[in-house]
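If you read the sequence shown in our numbering, its first letter stands for residue 13, the second for the next number, and so on.
Glycine included, C-beta positions come from ideal geometry on N, C-alpha and C.
Below is one structure; the comments refer to it alone.
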Amino acid sequence: AAAGRAGSVVGMAANGADPGGVPSPLELEHVIGYAGASPQSLQPHVADADKMIYHVSSLVVIASVSDPHDQRLLRGHTGDVSCLAQSADGEYCASGQAAPVQERSGEAHVFVWSSRDGVPIYRLPGLRGRATSVSFSRDNRFVAGSDNEARLLVWDMHNGQVVLATRLDRAASFVAWGAVLARENKRGAARPSTYRLCLAAGPALRELTLDFNVKAMQFEIESEPMTMPSSGLQREYNVGVFAPGDGYVLAGTTAGELCVFATAAENAATAAANQRGPSHAGGLRRSGVFRACVPVSSGKGGVLCVAVDGPYVWAGAGDGKVKRFRGSDQAWQVEAEAMVEGRVVSLGLTADRGSLLAATSAGKVYRLHAGSLAAELLYAAHPAPVVAAAFGSAHPDRVATAAEDGTVRVWDLNSYQEVFCATRPGQRPTCVHVGADDGPAGTPGLVLSGWEDGAVYCHD
């Protein structure tokens with residue numbers, strides 16, 4: 013076992029390479045670690061209720077929820093992964109990274125992977141610094157990505173080429189794809205579809221339309237700001253999704269609210285009506301109109317993640333709250349509430365729609381019942397860098413670790429589960445040692461830890 017950055021503990025066997033791809037006499041066998049450092053950094057697999065996808069340092073991990081030994085590691089990134097997304101059908105996943113210090117180009121590569129085979133399909137160029145979001149169009153035709161230097165790029169999944177590159181006023185906190193609208197020319201022949209998107213950059217929430225310009229033979233994007241109330245409601249947004257039917261955008265704010273906006277929800281019939289003439293399009297609702305502001309949390313960080321299913325909406329917040337709402341437009345009611353440890357940075361429905369996976373900044377992953385929000389702890393890890401690891405001679409299947417979050421933990425390498433944890437809040441451990449003698453009931457004996465303040469603790 014070896015200590016790792018971002019709170020990871022890696023188990024290695026002979027003959028292989030380390031997570032960064034550097035030649036090594038060891039083969040990476042398993043990773044224990046989830047830091048919860050970025051939004052939607054852990055997601056249920058959209059097509060397999062027993063799988064989850066998350067990132068640890070420079071690795072993307074596809075793991076079983078029920079079997080801790082079933083873990084696939086996707087390697088290729090040269091820096092820490094900073095964002096993650098899945099396609100609507102679960103065939104692909106995409107991951108963006110932060111550019112490593114040693115890479116002079118500052119390139120923040122985006123990888124597209126086959127979720128089934130775990131092999132890279134594209135390494136997409138163009139972003140710099142740190143990728144802040146990636147997302148797939150609903151038909152898997154495009155991937156959008158943004159970075160902390162306010163770039164927005166769209167790549168074509170047919171060939172990996174950039175079809176759109178633009179610079180925003182501020183870095184985008186999210187980019188969400190909406191409806192794909194089929195189009196026809198005057199002769200009734202099909203032409204490239206039109207795509208709806210929504211993004212937030214600082215206090216600006218915008219509705220975008222990506223369309224193909226036949227004369228210029230390229231895709232172009234149009235942007236319209238969402239209309240805010242005349243009272244001057246000013247918010248910044250962490251996350252946003254289209255509600256089912258695409259009639260509304262639900263955006264989580266840094267102030268702890270869920271803002272509801274009405275969009276131009278075109279279905280196939282209204283799209284056809286638009287092509288027949290303006291007299292048929294009178295039923296369209298005005299796009300980008302603020303409709304409601306639903307309180308979720310008053311804690312630090314605001315609303316960080318949102319999941320939707322029909323009339324139900326789940327929101328996770330920076331104070332550890334998860335709430336389930338039911339409603340639409342301006343009518344919303346709270347149906348259930350749960351509290352977990354840490355900021356809720358990721359929240360997603362499992363493929364069977366019966367539960368949610370909630371991941372937090374405390375390195376913990378919970379399974380929540382979709383209705384009652386009853387919580388079950390599935391997974392725990394160090395949320396901060398691991399500084400020391402040690403085996404005891406009596407139990408080679410147990411390893412003790414110490415991390416900068418002020419915790420000392422013992423892990424069972426048969427189940428990859430935590431069996432002991434001691435905490436000194438505000439203090440940093442520097443070393444750990446496992447005694448040779450057995451403890452009660454076959455557990456490891458004494459664990460010694462040394463700390464930066466000069467203290468030595470004995471844990472039984």
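| The beta strand (DSSP E) enclosing Tyr249, as first and last residue numbers | Its beta strand (DSSP E) spans residues Tyr249 to Phe254.
| said: So, at 7 Å on beta carbons, what are the nonlocal neighbours of Glu236 in its own chain, with the 5 sequence-adjacent residues on each side left out? | reply: Beyond the five residues adjoining it in sequence on each side, Glu236 comes within less than 7 Å, by CB distance, of Arg218, Glu219, Ser299 and Gly300 in the same chain, given in chain order.
| task | Would you be able to state if there are at least three C-beta pairs under 8 Å between the region 247–262 and the region 168–186? | result | Between the region 168–186 and the region 247–262, the count of C-beta pairs closer than 8 Å reaches three or more; the two stretches touch.
| message | Measuring only the C-alpha atoms, how far is Ala47 from Arg203? | response | One C-alpha to the other measures close to 45 Å.
| query | Leaving out five residues before and five after Pro241 in sequence, what residues of the same chain have Cβ atoms less than 8 Å from its Cβ? | reply | The residues are Phe302.
| Mind checking whether Cys473 and Val446 have CB atoms under 9 Å apart? | Because the chain spans 13 through 472 in this model, residue 473 falls outside it and cannot be assessed.
| query | Do you know whose CA, among Val356, Leu139 and Arg150, lies nearest Leu180's CA? | reply | Residue Leu139 holds the alpha-carbon nearest to the alpha-carbon of Leu180 among Val356, Leu139 and Arg150.
| message | Going by DSSP, what residue range makes up the beta strand (DSSP E) through His381? | response | Run containing His381: Lys376 to His381, per the beta strand (DSSP E) assignment.
| said: Closer than 8 Å is the cut-off here; do at least three beta carbon pairs connect the region 55–65 with the region 75–87? | reply: Enough Cβ pairs lie closer than 8 Å, so yes.
| said: Report the CB separation of Leu222 from Leu176 in whole angstroms; it is logged as a contact under 8 Å. | reply: Correct: roughly 7 Å between the Cβ atoms.
| task | Verify whether the separation of the beta carbon atoms of Val146 and Ala156 is less than 9 Å. | result | Yes. Within cutoff.
| With burial defined as no fewer than 16 other Cβ atoms inside 10 Å of the residue's Cβ, what is the status of Ser126: buried or exposed? | Burial call: exposed.
| query | Between Val306 and Val272, what straight-line distance do the alpha-carbon atoms span, to the nearest angstrom? | reply | Distance between the alpha carbons of Val306 and Val272 is about 8 Å.
| field | Where the beta strand (DSSP E) through Glu388 begins and ends | value | Start and end: Ala387 to Ala392.
| request: State the Cα-Cα distance for the pair Cys470 and Trp463, rounded to the nearest angstrom. | output: Distance between the alpha carbons of Cys470 and Trp463 is about 12 Å.
| task | Please state whether DSSP places Met64 in a helix, a strand or coil. | result | Met64: strand per DSSP, three-state reduction.
| query | In terms of DSSP beta bridges, what is Gly108 paired with? | reply | As DSSP reads the structure, Gly108 sits in a beta bridge with Cys95 and Val122.
| task | Count the C-beta pairs between the region 367–386 and the region 47–57 that are closer than 8 Å, then say yes if the count reaches three, no if not. | result | Yes: the two stretches touch, three or more of their Cβ pairs being nearer than 8 Å.
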